[in-house]
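For reference, the structure is listed below as structure tokens.
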Amino acid sequence: METLKRLLEEEEITQWGVCRLADTLPLIDETTPLPAHAQSVIVCLFPYDTGDLPDRNISRYATVPPYPQLLKNILERVCKKLRARYPEHSFAAFAGDSPIREVRAAQQAGVGVIGKNRLLINEEYGSFVFIGEIVTDRKYPYAVPKGGCSGCGKCEAACPGKALHDGRVDVTHCLSYLTQKPEPLTEEEEALVKKSGIVWGCDVCSEVCPMNQTRKRSRMKAFCERVIARACEPQNDEEIRDRAFGWRGAEVLRRNLKLVEGDKND
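Mapped onto my numbering, the consecutive letters of the sequence shown carry residue numbers 1241 to 1506.
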């Protein structure tokens, strides 16, 4: 484990753990190839909350560069070194496109608990973390899973769309989902977006969580560069291609900006 710990720390990964692949099943996607005879999942957390940003109009995760390829590159570098150290074993990196149930895997790997909003809550960085993993056929000592959250229900009570019920999430009422929805919004949905003042995503359930109040800020170099506080009206899709909200296209962002800014100007 010391070799693994050292290699991860070289990439600024300090929050990680290992669980059995079997404890994360079933897979989300059975067609994604994994290493033959895969046994272990090395779960790594990447904290992205770099601190308060004045006049922010996007979710915290959208203030930093898009994470999937960034995490994949970091984990691939670790895999390359692990393959050199253990040539008889296979290692595969996943981030964003993972067939693994990542939140469950992280909980099983002992790096956090699952909140009533179904998000992972890490002891040091709260729920403001991205999850990536390395799947391998090599056995490692497995972590002891931690329990659940305190169950205070503050996330459920504060949810703008009342999407949280008894540990389940009705995504069709989730404000984050609504800001990403390409179809026309109903009047009720438009009202939620207007009231929020946020044009992409939502952090309310995380912000009110007691377990998030003492979280540390991210110091990872990858997330401390190219940080933005606001999304502005894009002229075209290409203009926002390199941001977390770029995949949905400019039209959805323009719609949300019109709703929020129109409300401010009333």
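Glycine is no exception: its CB is placed at the ideal position from the N, C-alpha and C atoms.
What do you reckon, are the CB atoms on residue i and residue j nearer than 8 Å?
| i | j | result |
| --- | --- | --- |
| I1354 | C1395 | no |
| E1249 | I1314 | no |
| Y1326 | R1378 | yes |
| T1299 | I1480 | The sequence given here places Ser at residue 1299; Thr does not occur at that position. In this structure, I1480 does not lie closer than 8 Å to S1299 by Cβ. |
| P1400 | C1442 | yes |
| V1409 | R1358 | yes |
| P1308 | A1335 | yes |
| R1343 | L1285 | Per the sequence shown, residue 1343 should be read as Val rather than Arg. The answer is no: Cβ separation not under 8 Å. |
| I1340 | T1264 | yes |
| L1322 | L1247 | yes |
| A1349 | G1486 | no |
| G1366 | M1460 | no |
| W1440 | A1398 | no |
| A1276 | S1330 | yes |
Report the three-state DSSP secondary structure of residue i (helix, strand or coil).
| i | result |
| --- | --- |
| N1362 | strand |
| T1243 | helix |
| C1259 | strand |
| I1354 | strand |
| S1436 | helix |
| S1446 | helix |
Quick one: what's got a C-beta closer than 7 Å to residue i's C-beta in the same chain, skipping five residues either side?
| i | result |
| --- | --- |
| F1463 | Y1288, T1290 and V1304 |
| K1356 | C1389, G1391, G1393, C1395, E1396, L1404 and G1407 |
| F1368 | P1287, Y1288, D1289, R1300, S1446 and R1455 |
| N1297 | G1437, I1438, V1439, R1470, A1471 and V1500 |
| N1496 | T1419, V1433, V1439 and W1440 |
So, at 8 Å on beta carbons, what are the nonlocal neighbours of residue i in its own chain, with the 5 sequence-adjacent residues on each side left out?
| i | result |
| --- | --- |
| K1434 | L1499, V1500, G1502 and D1503 |
| R1457 | P1287, D1289, T1290 and G1291 |
| Q1475 | A1490 |
Can you name, in chain order, every residue of its own chain whose Cβ lies under 6 Å from the Cβ of residue i, other than the five neighbours on each side?
| i | result |
| --- | --- |
| Y1417 | V1411 |
| A1346 | V1283, G1352, L1360 and I1371 |
| D1477 | G1489 and A1490 |
| E1364 | K1456 |
Does the segment 1272-1285 come close enough to the segment 1368-1384 to have 3 or more Cβ pairs within less than 8 Å? yes
Contact between the segment 1461-1473 and the segment 1302-1317: three or more CB pairs below 8 Å? yes
Validate contact between the segment 1487-1494 and the segment 1412-1422 using beta carbons, cut 8 Å, 3 pairs: yes
The segment 1379-1389 contacting the segment 1313-1321, beta-carbon criterion three pairs below 8 Å: no
Kindly provide the ranges of any beta strand (DSSP E) runs that are 3 or more residues long and lie completely inside the segment 1358-1433, ordered along the chain. 1369-1376
If you scan the segment 1282-1333 from start to end, which runs of the beta strand (DSSP E) of 3 or more residues do you find wholly inside it? none
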